[in-house]
Amino acid sequence: MHAEEADRADAPRPREFWTAAGIFAILTAVLTYPLSVRAGSVMVGDNPDAHLFIWTFAWLAHAFANQPLSLFDANIFHPLQHTLAFSENLVGSGLIAAPVIWITGNPFLALNAVSLLSVLLCGCGAYVLARRLGLGVAAAFICGIVFAFSPARFFRIGQLHLTTVQWIPFALAYLHTYLDRGRARDLRIAVAFFTLQALTTGHGAVFLAVAIAVVIAERLIAGWRRSPRQIVRDSGVTGGLLLVPAILIAIPYQIVQREMGLRRFLENWTVAGVSYIASPSRLHQAVINLFTPVEEVNATAHAYLFPGYLPILLSVMAIGLAIPAGTKARRLTICYGSIALISALLIAGPPLGLWPLVYWLPGFNFIRVPSRFVILLVLALAVLSALAIEWITGRLPARTRRWTVAAVALLMLGEFAIAPLDVVSLSTRPAAAERWLADQPKPFVVAEVPMSGAPREQTRYMLHSMAHWQNTVHGYSGIEPPQHTALYAAMKSFPDTASVAQLRAFGVTYIVVHIDGYPADRWPAVESGLSGHAALDQVFQDARSRVYRVRYDPPPSPSSRPR
């Protein structure tokens, strides 16, 4: 590498870091418009997953304040426990979202604050990683731009468990520093960032674990030697304590795997071939349109997996450049080239795909879709792109180098641009029935009808439960318990005897009947069945809904789960 010495400090100084952070903040605001200026009232996508994320952050804000020791006993899928562990818990992001909700009461602002901050921190983290690898400021900016804004990662902004991978580059940055210098402090900081990533998203923890394994393997092959005893000593009690939260948060998932069978299998692990060229980028779509209708490509694709022309070109150049063997630049090229290759093979379908060989491993068996390893691939391409820029521009005069890299950065941003993002408005203001329930003596259990089991219906009722946080039989997550699937099927004939018997078996206290949820030709029959029902007492009514209390003889035991 040939950049000026002033550009080559292995750790950015505070002023440099905050300058870089400011630039990435501006880029984030521009490229996420209008989300960035309407963060309190809109969201990216009105779908069950988006509703799940809103509910999750609201639940975490409630649980942090009211039941921190039973955080995973969420109010969905009554009467089951550990229901937060049916999918990503988002606890790490909840530490950011909860104060926003406590102060503003606005779950949209909390959700978008986490999403926008993840983009900013992905850029900052990749910048720090490049600087810790010994690259200059200009190359580090390229690294940050690729990881933050490449469409294959950036367009995950609406998927909270996939966009919040910002701690991966920070952890790798300090791991590299430890391997280079052997300072115990750097190892402990790397452990802290690993735990932060594990608390934020399990997907990110798996991606990071793969990267760590490759980095350490490359260093061992290159001759790095440090005894396991010395590594443990370097980690110390502090490092061990820093790992404890990551271990504790895995326990509910082990329980759920054992009790509920939360495991991933090989069905639907491949993606359509067009996914590899699919992208929401305006430029990418224009290029695709030259050869085939882009609507057909994006409609057929299972995911946006194309990382961009410039990152691919620069990465190929980094691998093909005549960087002298034995130099740090060559070692880094081999290391991150290996991470890119492994990620690509985990994404690939048969006959090259590695996923059938590893999907059963701990951690991997939590990941439903292996194409999500494209996020790790983008990070590897970001580092390789930075290495190429460093090597290509290293011999140029400082001013020429800066203008050259600025031009590359602008071309990248133009290639990646998606703005304006498509956003939607959604209200979580509780209806009158939910407000009435919130004033009733607690605890109680709620069911809502119509109940078909459709995901959007389930998440709508989960959002309703935010008004009172009492247990509900509804839920949408990584799995659907068989007993709840049976309940939802039985409730299609509500209010017949069998459906009400099912509600009693689940210990339901109140049934909220949404009149406007029924087709006009179906509601008269439902209303007739409710009229004078021996097991149901009407306790609330307005123009849109009714609430019925379920009669029991004898009364059911109150919920054992505190609220």
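In the working numbering, the protein residues as written are 56 to 618.
The beta carbon of each residue, even a glycine, is placed where N, CA and C say it ideally should be.
Exposure of residue i, with buried meaning 16 or more beta-carbon neighbours within 10 Å
i	result
valine 270	buried
phenylalanine 262	buried
alanine 61	In this prediction, alanine 61 has a pLDDT of 37, which is less than 50 and means its spatial position is unreliable; nothing more can be read from the coordinates.
glutamate 314	exposed
tyrosine 565	buried
asparagine 130	buried
alanine 58	Here the model assigns alanine 58 a pLDDT of 43, short of 50, so the residue's position is not dependable, and the following value carries that caveat. Buried, since its Cβ has 16 or more Cβ neighbours within 10 Å.
tryptophan 524	buried
serine 336	buried
alanine 395	buried
asparagine 167	buried
histidine 182	The sequence as given places tyrosine at residue 182; histidine does not occur at that position. Tyrosine 182 should be labelled buried.
valine 605	buried
arginine 208	buried
tryptophan 157	exposed
asparagine 526	buried
valine 299	exposed
leucine 387	buried
serine 482	exposed
tyrosine 229	buried
phenylalanine 79	buried
tyrosine 516	buried
proline 617	For proline 617, the predicted model reports a pLDDT of 40, less than 50, meaning its position is unreliable and no value from the coordinates is stated.
glycine 77	exposed
Boundaries (first-last residue) of the beta strand (DSSP E) holding residue i
i	result
arginine 601	600 to 605
Selected residue, minimal CA-CA separation from residue i, among the options
i	options	result
tyrosine 359	Tyr331, Gly562 and His569	Tyr331
leucine 621	Pro411, Leu416, Ala399 and Leu468	In the structure as shown, the chain begins at 56 and stops at 618. Residue 621 is therefore absent and cannot be evaluated.
glycine 199	Leu451, Gly587, Leu439 and Ser148	Leu439
alanine 260	Tyr603, Asp597, Leu145 and Ile367	Leu145
histidine 569	Trp578, Ser142 and Val563	Trp578
phenylalanine 225	Arg186, Thr256 and Ser480	Arg186
valine 220	Ile430, Thr159, Phe119 and Ala509	Ile430
alanine 327	Ala395, Ser426 and Ala590	Ser426
alanine 305	Gln252, Asn323 and Ser170	Gln252
glycine 363	Pro405, Ala462, Gly418 and Gly469	Gly469
leucine 184	Ile223, Thr218, Ile156 and Gln312	Ile223
valine 555	Ala575, His519 and Asp592	Asp592
isoleucine 81	His106, Leu126, Ser96 and Phe204	Phe204
valine 620	Leu171, Pro69, His133 and Trp110	In the structure as shown, the chain begins at 56 and stops at 618. Residue 620 is therefore absent and cannot be evaluated.
valine 508	Val97, Thr74 and Pro103	One detail in the question is off: residue 508 reads as glycine in this sequence, not valine. Among Val97, Thr74 and Pro103, the Cα nearest to that of glycine 508 belongs to Pro103.
glutamate 582	Ala66, Val563 and Tyr603	Tyr603
arginine 280	Gly237, Phe248 and Arg243	Gly237
alanine 333	Met506, Leu345, Ser125 and Ala354	Ala354
glycine 584	Thr552, Ala239 and Leu242	Thr552
Residue(s) in a DSSP beta bridge with residue i
i	result
aspartate 101	None, per the DSSP bridge assignment.
valine 501	Thr527 and Tyr565
glutamine 593	Tyr603
serine 554	None, per the DSSP bridge assignment.
serine 480	Val97
N- and C-terminal bounds of the alpha helix (DSSP H) containing residue i
i	result
leucine 466	453 to 471
threonine 232	222 to 236
lysine 383	383 to 402
glutamate 143	No alpha helix (DSSP H) holds glutamate 143; DSSP gives it neither H nor E.
proline 206	206 to 209
aspartate 289	283 to 303
isoleucine 343	337 to 344
tryptophan 410	410 to 413
isoleucine 378	Run containing isoleucine 378: none; DSSP gives neither H nor E here.
threonine 19	Limits of the chain in this structure are 56 at one end and 618 at the other, which puts residue 19 out of reach.
histidine 588	Where histidine 588 is concerned, there is no enclosing alpha helix (DSSP H), given that its DSSP letter is neither H nor E.
asparagine 353	349 to 355
serine 624	Absent from the structure is residue 624, since the part of the chain shown begins at 56 and ends at 618.
methionine 517	510 to 519
threonine 448	429 to 448
Integer-rounded CB distance, given that residue j should sit under 8 Å from residue i
i	j	result
leucine 321	proline 206	The Cβ separation is near 28 Å, so there is no contact.
serine 586	alanine 488	About 19 Å separates the two Cβ atoms, so there is no contact after all.
glutamine 513	glycine 530	6 Å
isoleucine 286	leucine 369	Going by Cβ atoms, the distance from isoleucine 286 to leucine 369 rounds to 34 Å, so no, they are not a contact pair.
serine 148	valine 174	13 Å between Cβ atoms; not a contact.
phenylalanine 202	cysteine 177	5 Å
alanine 380	leucine 442	With a Cβ gap of about 15 Å, alanine 380 and leucine 442 do not count as contacting.
histidine 620	valine 311	The structure shown has nothing for residue 620, since the chain only spans 56 to 618.
valine 563	valine 528	6 Å
Check: residue i C-beta below 7 Å from any heavy atom of the ligand MG
i	result
valine 342	The model depicted lacks the ligand MG and carries no ligand whatsoever.
is_contact[residue i, chain C] using C-beta, thresh 8 Å
i	result
isoleucine 397	Here there is only one protein chain, and chain C is not present.
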